[in-house]
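J.: Would you mind keeping the following structure in view while I ask a few things?
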Amino acid sequence: AASPEARRPSLASLENVRFIVAVGSGKGGVGKSTTSVNLALGLAAQGWRVGLLDADIYGPSAPRLLGLTGKPEVAGQKLVPMEAHGLKAMSIGFLVNENEAMIWRGPMATQALTQMLGEVAWGELDALVVDMPPGTGDVQLTMAQQVPLAGAVIVSTPQDLALIDARRAVAMFRKVEIPVLGIIENMSYFICPRCGERSEIFAHGGARRDAEALGVPFLGEIPLEARIRETSDSGRPVVATDAQSPQAGAYLALAAKV
Ligand code: ADP
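All residue numbers for the sequence shown refer to full-length UniProt numbering, where the first residue is 80 and numbers rise by one.
This is how it looks when you write it as structure tokens:
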């Protein structure tokens, strides 16, 4: 892991956060949020105090993924993170309804993010996992510059279209000198639960090849599994609710490498 001491948080609210790691992707829909949540839970399973910041303000999914409803409380001038499955969490999705969050223009989105960064009472955390918006636009760049990130993890599916954008995401983090901790291949393969046959629906192995070509670590493969979708979309992430399952095992292995 990159040295957490190397980039000390400058924002007061992040002062007592030891290690901030961004989870990015080139494209939307590749499973970045699902990976962020299960990765955060995997770090918590190691005994760490962990927060999840849902910075995907155009499509906040932390409320759904963590099964959280209601609004965060305000204490002093700061928002108190909500809690679920032992994680602290903050998301723009707790504050506004989803339709509203989607139609923001760039400057408003950046401002909302800056507020979420500066005005949340995270308290002491060993790690804060930041679920970034997909892509490499202004908001992502601002985030990468303002947040003292220890490193970034990139999630991609194996097909060329997703990988091209994942390479752009790697380039973006490199440009702002954030170490890329590695690439994860999500929806890497599918094992038929009935016959056991393996299908490579979106092709396979592209993320590993890209990681090697780019000189960044390859962190692992997560299969395409109905169980991951079901647990994720119903607010019962697999690492929190079925830690012994092979699906959870895949995320726990990732967490051990980050
Ligand atoms: P993103 O944050 O990249 O937009 P999400 O995490 O919201 O992606 O995932 C998109 C959809 O794919 C969700 O319905 C999620 O449950 C599902 N999903 C993500 N990863 C997997 C996986 N490994 N297997 C099955 N479904 C997955």
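Just so it is clear, CB atoms sit at the ideal spot from N, CA and C, and this is done for glycine as well.
No experiment lies behind these values; they were computed from the predicted model shown.
What I want to know is whether the C-beta of residue 266 ends up closer than 7 Å to one or more non-hydrogen atoms of the ligand FMN.
T.: Absence of the ligand FMN from the depicted structure is noted, with the ligand ADP being the only ligands included.
J.: Note down, in chain order, each residue of its chain lying with its Cβ closer than 6 Å to the Cβ of residue 270, except the 5 sequence neighbours on either side.
T.: 277
J.: Please give the ranges of any alpha helix (DSSP H) in the stretch 100–135, keeping only runs that are unbroken, at least 4 residues long and fully inside the region.
T.: 111–124
J.: Does the distance from the C-beta atom of residue 115 to that of residue 235 stay below 8 Å?
T.: no
J.: When you compare only the Cα positions, how much space is there between residue 182 and residue 168?
T.: 23 Å
J.: Hey, out of 189, 159, 143 and 157, whose CA is closest to residue 172's CA?
T.: Selected option, being the one with the closest Cα: 143.
J.: Between the alpha carbons of residue 320 and residue 120, how many angstroms are there, rounded?
T.: 10 Å
J.: With a threshold of 7 Å, establish whether the CB of residue 109 neighbours any heavy atom of the ligand ADP.
T.: yes
J.: Which residue comes first and which comes last in the alpha helix (DSSP H) that contains residue 243?
T.: 239–254
J.: State yes or no: is the C-beta of residue 308 nearer than 7 Å to some heavy atom of the ligand ADP?
T.: yes
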